[in-house]
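From first to last, the protein sequence lines stand for chains F and W. Oh and the first sequence: position 29 is 292 in the working numbering, straight run, nothing missing. Oh and the second sequence: position 265 is 741 in the working numbering, straight run, nothing missing.
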Amino acid sequence: MPSSISSSDMPGSSVEPVFERPLPVLGRSAWLALVIAIVLMIAFEAWVRSEGVTPSYRNSEGFWAEQRRRINGDAGNGWVFTGSSRTMFNMQLAVWERLDGRRPLQLALEGTSPVSVLEGLADDENFTGKVIVGVAPGLFFSGYEYRRPAIDRYQKESPTQWFGHRVSMLVEPYLAFYSYDFAFPVMLRRQPLPLRKGVELNLDVRKLNNMERDRNTRMWDKVANDIEYRDLARSIWAQNWMPLAKLPEPVQERILESRSKQLDRAVSATKKIQAKGAEVIFVQMPYEGHYATSEIDIAPRELTWDKLIEQTGALGLHFKDHEEMQGYWLPEWSHMTGSEADRFTAAFYGLVQRKLTAREATGGKQ
Amino acid sequence: MLFNSLTFVIFFVIILALHYAPFSWRVKKSNLLIGSYIFYAAWNPPFVILLWLSTVVDWVVANKLHIEKRLARRRMLLLISMVVNLGMLGYFKYGGFMLENFQVLMSTLGFDYQPPDWNIILPVGISFYTFQTMAYSLDVYLKRAAPAKSFLDFALFVTFFPQLVAGPIVRPTQLIPQFKLPTVATRQQLTWGFALITLGLFNKIVVADGLLSKAAEKVFDAREMLHPVDAWLGTLAFSGQIFCDFAGYSTTAIGVALCLGFSLPDNFRFPYAAIGFSDFWRRWHISLSSWLRDYLYIPLGGNRKGNLRTYANLMTTMMLGGLWHGASWTFVVWGGLHGSFLALERWLAARFGQVTFWKRWGPRLLLALVTYFLVNITWVFFRAPDFATAWRLIDTMLTLNMDGKKVLPMIDVLQVLGVTITMLVVHWFMRNRYLHEVAVALPRWLLATTWGLMLWLIIITQGQSNAFIYFQF
């Protein structure tokens, strides 16, 4: 409380007059400051570019929301890709467009189970097309949603957020430093400091890709070409992993519970989409290295994938079942380089078409 | 619209261009009013209706109060203003809280009452503008001020975008007179305005969000007993975060207004150098503490009705002040602790205040550190999502039980310690100084380099920033 309390003010004595703000004479300091800031910006941009970074669109919440809104416009009856990062990296929109005649919508979100997106499509009467759902078992059946805010943003985007995104999109393709990895706090966090005893090491995922104007994603060249950087990416994927059986019992129980919950949610959303005549295709993209152990451990195929395909009656394409989905280079175990993704998309498109035709011929059975 | 957004940059450029264009003063004020509504509607357009309601009701009430002589009618008019303003606040902010507590009460009495879902979105900054408009009607009722002569001036006072959603809570007598005569900023005002905007955004974007928020989040989101070092660092992180966030907003708001030629009062004066709690409240959220003093504490009797009543008034004022921040008992406890410390300080000052020992430099520094320590204890209740978390943190912070979990990596330890030590040194150095004096005293090259560096850091912290903490209050 201000001291005037102790002097026991009387009502009527507390009229606050207009405050005259004292002003310093700063001379040309403002201009000099502006010059310093501009010089620093130019130097910083040059340094970021020298690290091999090229300007690219930010994988922002507003960007996802913008693309999701296209369902309500011209894209509602076309192809939609959703899933997690594997779908983002491996499915190339330009290749698909060349083969199909129509450019699909990329709605995959890295580190995020696509079940909520699928539910959104099921409830959206504007969606009547075909959706390819990438199933990364560890994510899909856990329900983990690292990018949940993007889905929330689509549902609740305020006018100021919408406008801010539009303005940001104007500058993103010209500034290399305007990337998550080169934000000041992120760079500070990545300094090699001694570990604090007793604290779990938890490195965050580094820049792996560049994004185009419609969220088409290409792996960043550095991941493919720089061995040290690739090893770092691999070590991040494998950090702090423990087999399911070695996790504390309550954690194991939680994982099993969410497995069945996610399965139920996915089945229900798929049936809803199928009921309106739209098509759902589930796909497990290739993985190797650490994922060859961890994916099977956390979500054994017969208890997850097989049940999903059986209960939904949807078309399911697992990379282990189809030659067209095998033999690609995965620099950090689960994402393809741009050229490999082009090759994969073309082969996968052919596979999907063949399977859909065969399915039609057999009256909906795989 | 957030100050720390690209949308605001575009908005502010347009507002400045319109304000410096050769329009009449009335047109310029209308531009500012429309701009302010757009600023507010950018979050959620329908909530502008609340602003209009508050504006119209207090305009009509104050005009009638001014000419009405009969006490009963005057009281009735004031009641209308209070019911409308506090009613809005109660419905949107405290409705769910009251239902929740009613349910607990009923359950204690053995009744099974299931309250309806209270999924109401809280309009941004409602606590700020309702207090501002209430002050207007109260001032006219108490005959401290005459009502505004122009509806446009009054509407702009209620809605003026720089301070609309998070203060400073400006009194009618501070702002309405500034709308009377044509005002554009002088070159000095414009330069200093931009300097303040830079400083405010630096505090918010770089320090609060970039350097401190993660550590505070990790500690206050933890569900297990933490190591005392982590509990303390998390609390210090929040202590710095809330200051840099809120003072950052106020400084930006003051700078934005100054660029338009308007002068808003200070809201913070280096509070972590406070010696005692009455000093702290002269330095922290000054516009709220003076509002509570003038419209709550003094009407309750202030210190005019004996010691016991004074302590009771202090506690009531501070607990309600706590509740103003949020609909949760943790905020009430935060306010209650501040009330208790103020009461204790008053009691101690009456007995030992004249002892010369406490007037020396060393003991004063010690008192400042004790104040900072206690302020940090209160922040635990302010930030903790529930009492269980608050008690767990207080427990480990005070008992220094070393068995708890460590959650903060080395980078957080360094960032929190670095910012905290720097902040305390700066606050202590600035305790009896003013920013404009220091800016003038600095060599020009140093001032420009610091300013340029801050600008650069704001830009390269880029899209990592969050909404201001005080928007939720």
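Note that beta-carbon positions come from the ideal geometry of N, C-alpha and C, so glycine has one too. A quick note: this is a predicted structure, and the numbers were derived from the prediction, not measured.
> Run through DSSP, which three-state label would Met599(F) get?
Replying inline: In the three-state reduction of the DSSP assignment, Met599(F) falls in the coil class.
> Along chain F, in chain order, which residues have C-beta atoms closer than 7 Å to that of Ala951(W)?
Replying inline: There is simply no residue 951(W) to check, as chain W begins at 477 and stops at 949 in what is shown.
> Considering only C-alpha positions, which residue in the set Ala300(F), Ser319(F) and Trp342(F) is nearest to Met474(F)?
Replying inline: When only C-alpha atoms are compared, the closest one is Ser319(F).
> Counting pairs of beta carbons, one from the region 418-432 of chain F and one from the region 357-374 of chain F, are three or more of them closer than 8 Å?
Replying inline: The region 418-432 of chain F, when compared against the region 357-374 of chain F, does not touch it at the 8 Å Cβ threshold.
> Around the Cβ of Glu700(W), are there at least 16 other Cβ atoms within 10 angstroms (buried) or fewer (exposed)?
Replying inline: It counts as exposed.
> Looking at the unbroken beta strand (DSSP E) that takes in Glu542(F), where does it start and where does it end?
Replying inline: Taken as a continuous stretch (DSSP letters only), the beta strand (DSSP E) holding Glu542(F) covers Glu542 to Gln547.
> Which of helix, strand or coil does DSSP assign to Arg907(W)?
Replying inline: In this structure, Arg907(W) counts as coil in the three-state DSSP scheme.
>> With H, G and I counted as helix, E and B as strand and the rest as coil, what does DSSP make of Trp519(W)?
In response: In the structure shown, Trp519(W) sits in coil (DSSP, three-state: anything other than H, G, I, E or B).
> Between the region 393-403 of chain F and the region 426-437 of chain F, are three or more C-beta pairs nearer than 8 Å?
Replying inline: In short, these stretches do not touch, since the Cβ pair count stays below three.
> Since Ser816(W) meets chain F, which of its residues come closer than 8 Å, beta carbon to beta carbon?
Replying inline: Ordered by position in chain F, no residue passes the 8 Å Cβ test against Ser816(W), which lies about 13 Å from the chain.
> Hey, quick one: how far does the alpha helix (DSSP H) through Ile936(W) stretch, first residue to last?
Replying inline: It spans Arg920 to Thr937 - the alpha helix (DSSP H) in which Ile936(W) sits, taken as one unbroken run.
> Which value, in whole angstroms, describes the spacing of the CA atoms of Arg759(W) and Val486(F)?
Replying inline: Distance between the alpha carbons of Arg759(W) and Val486(F): 52 Å.
> Would you say Lys524(F) and Gly406(F) are within 8 Å of each other, going by their C-beta atoms?
Replying inline: Result yes, Cβ atoms of Lys524(F) and Gly406(F) sit closer than 8 Å.
>> Which residues does DSSP list as the beta-bridge partners of Asn488(F)?
In response: According to DSSP, Asn488(F) bridges with nothing at all.
> So what's Gly341(F) in DSSP terms, helix, strand or just coil?
Replying inline: In the displayed model, Gly341(F) falls within coil according to three-state DSSP, outside both helix and strand.
>> So, with DSSP's three-state summary, where would you put Asn465(F)?
In response: Of the three classes helix, strand and coil, the one that applies to Asn465(F) here is coil, per DSSP.
> Taking the DSSP output, what are the residues bridged to Val396(F)?
Replying inline: In the DSSP assignment, the residues bridged to Val396(F) are Thr345(F) and Phe545(F).
> Buried or exposed: where does Ile525(W) fall if 16 or more other Cβ atoms within 10 Å of its Cβ makes it buried?
Replying inline: Exposed.
> Skipping 5 residues on each side, what residues in its chain have a beta carbon closer than 7 Å to that of Gln717(W)?
Replying inline: Apart from the 5 residues on each side of it in sequence, Gln717(W) sits with its Cβ closer than 7 Å to the Cβ of Ala684, Leu688, Ser689 and Ala692 in its chain, given in chain order.
>> Whole angstroms are fine: how far does the CA of Val856(W) sit from the CA of Gly811(W)?
In response: C-alpha separation (whole angstroms): 12 Å.
>> Please identify the residue among Asn577(W), Thr483(W), Val732(W) and Ile486(W) whose C-alpha is closest to the C-alpha of Phe670(W).
In response: For the options Asn577(W), Thr483(W), Val732(W) and Ile486(W), the alpha carbon positioned closest to that of Phe670(W) is the one of Val732(W).
> For Ile645(W), which residues in chain F fall below 9 Å Cβ to Cβ?
Replying inline: Within chain F, no residue comes near Ile645(W); the closest Cβ sits about 10 Å away, beyond 9 Å.
> To which residues of the same chain is Ile762(W) closer than 8 Å at the C-beta, ignoring the five residues directly before and after it?
Replying inline: If we look at Ile762(W) and ignore the five residues flanking it on each side, its Cβ neighbours are Pro644, Pro741, Asp742, Asn743, Phe744 and Arg745.
>> At the level of alpha carbons, what is the spacing between Lys625(W) and Asn779(W)?
In response: Lys625(W) and Asn779(W): Cα-Cα distance of roughly 36 Å.
>> I'd like the list of long-range same chain contacts for Val281(F), defined as Cβ closer than 8 Å, with 5 residues on each side in sequence excluded.
In response: Answer for Val281(F): no residue qualifies.
> Of all the options Ser379(F), Arg312(F) and Arg332(F), which has the alpha carbon lying nearest to the alpha carbon of Arg528(F)?
Replying inline: Among Ser379(F), Arg312(F) and Arg332(F), the Cα nearest to that of Arg528(F) belongs to Ser379(F).
>> Is it the case that the region 326-338 of chain F contacts the region 586-603 of chain F, given that we only count it when at least three CB pairs across the two stretches are under 8 Å?
In response: A contact between stretches requires three or more CB pairs, one per stretch, nearer than 8 Å, and the region 586-603 of chain F fails this requirement with the region 326-338 of chain F.
> Going by the beta-carbon positions, is the gap between Trp932(W) and Ala300(F) smaller than 8 Å?
Replying inline: Yes, these two residues count as a Cβ contact at 8 Å.
> Just the Cα atoms here: how many angstroms apart are His912(W) and Phe604(W)?
Replying inline: Near 27 Å, if we compare the C-alpha coordinates of Phe604(W) and His912(W).
>> Taking the straight line between their C-alpha atoms, what separation do you get for Pro592(W) and Ser583(W)?
In response: For Pro592(W) and Ser583(W), the gap between their C-alpha atoms comes out near 15 Å.
>> Taking a contact to mean a Cβ-Cβ separation below 8 Å, would you say Glu558(F) touches Asn503(F) in this structure?
In response: With respect to Asn503(F), Glu558(F) sits apart: the two C-beta atoms are not nearer than 8 Å.
> Nearest to Trp501(W) by alpha carbon, out of Leu736(W), Phe573(W), Thr667(W) and Leu553(W)?
Replying inline: Nearest C-alpha to Trp501(W): Leu736(W).
> Can you list, in chain order, the stretches of the alpha helix (DSSP H) that have 4 or more residues and sit fully within the region 480-525 of chain F?
Replying inline: Fully enclosed alpha helix (DSSP H) runs of 4 or longer: 484-488 and 490-501.
>> Would you call the region 351-362 of chain F in contact with the region 591-604 of chain F, where contact means no fewer than 3 C-beta pairs closer than 8 Å?
In response: Yes: the two stretches touch, three or more of their Cβ pairs being nearer than 8 Å.
> So, Asn389(F) versus Gly341(F), is the Cβ gap smaller than 8 Å?
Replying inline: Judged by their CB atoms, Asn389(F) and Gly341(F) are not nearer to each other than the 8 Å cut-off.
>> So the candidates are Leu874(W), Phe828(W), Cys720(W) and Thr854(W); which of them puts its Cα closest to the Cα of His903(W)?
In response: Among Leu874(W), Phe828(W), Cys720(W) and Thr854(W), the Cα nearest to that of His903(W) belongs to Cys720(W).
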